[in-house]
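Colleague: Take the sequence shown: its letter number 89 is residue 89 in the UniProt record's numbering, and every next letter is one higher. Backbone N, C-alpha and C fix where the C-beta goes; we use that ideal spot for every residue, glycine too. Keep in mind it's a predicted model, so treat the numbers as computed, not measured.
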Amino acid sequence: MSIDNLKSALPGYAKDLKLNLGNVLRAPGLSEQQVWGAALASAIASRNPKVTTAIEAEARRKLSGNALNAAKTAAAVMAMNNVYYRFLSLTSNEEYAKMPANLRMNAIAQPGVDRLDFELYSLAVSVINACRKCVDSHEQQVLKGGASKEMVQATVRIASVVHAIAVTLEAEESLGEGETRAAA
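The structure is reproduced here in structure tokens:
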């Protein structure tokens, strides 16, 4: 599936998502590697096979092998970290925050791409997974790495649109299956 096919798969009521997808994938201030790495990491975090397949196909044309792998790595490691650190922010028992996480995160130290790019990918995933501690941490790292607030916003916009498309397509698939079952 291509990006155009992905847009075509969206129902009429999601016209804004079609338009926004085109806009966020041309984010001024972000490099092509930052845009497509954030888009791929966001698609993986959004857990929709159609969205992931379409964005990954386009990302393969835009990203080096290292950057493609880094986006996937960010999605994988943040899937783990976001759950763990979200737990720490949700529990009122502060003792857990004093305990070592004891989770391997070596990929963060050497992601295979520029540190700023990896942090942007991680930020996008952390926003989708709603982990406040991780969002705060990655936003701070991105800003320390020289990114502007506009770059942060552009990355979050990519994550929000990719996630919304994933949710919409999943809902349409579920609703379509429900209508078929009801008619039978």
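Taking Ile128 and Ser46 to be in contact with their CB atoms under 8 Å, please state how far apart those CB atoms are, rounded to whole angstroms.
Modeller: 6 Å
Colleague: Classify Ser2: buried if its beta carbon has 16 or more other beta carbons within 10 angstroms, exposed otherwise.
Modeller: Answer is exposed; the Cβ neighbour count stays below 16.
Colleague: How many Å lie between Ala74 and Gly176 at the Cα?
Modeller: Distance between the alpha carbons of Ala74 and Gly176: 33 Å.
Colleague: Give the secondary structure of Gly65 by DSSP, where H, G and I count as helix, E and B as strand, and everything else as coil.
Modeller: helix
Colleague: Please list, in chain order, all residues of the same chain as Arg86 whose beta carbon is under 8 Å from its beta carbon, the five residues on each side excluded.
Modeller: Asn129, Ala130, Cys131, Arg132, Lys133 and Cys134
Colleague: Which word fits Val77, buried or exposed, when buried means at least 16 other C-beta atoms lie within 10 angstroms of its C-beta?
Modeller: buried
Colleague: Measuring alpha carbon to alpha carbon, tell me which residue in Val161, Pro11, Asn5 and Lys7 is nearest Glu173.
Modeller: Taking only the C-alpha atoms, the option nearest Glu173 is Pro11.
Colleague: Report, in whole angstroms, the separation of the C-beta atoms of Ala70 and Pro111, which I expect to be a contact under 8 Å.
Modeller: 5 Å
Colleague: Quick check on Val83: buried or exposed, where buried means 16 or more other Cβ atoms within 10 Å of its Cβ?
Modeller: exposed
Colleague: What is the DSSP secondary structure of Asp4, counted as helix, strand or coil?
Modeller: helix
Colleague: Cβ atoms of Thr155 and Leu116: under 8 Å apart, would you say?
Modeller: no
Colleague: Where do the N-terminal and C-terminal ends of the alpha helix (DSSP H) with Asn106 fall, by residue?
Modeller: Element bounds for Asn106: Asn106 to Ala109.
Colleague: Mind checking Gly65: buried by the 16 CB within 10 Å criterion, or exposed?
Modeller: exposed
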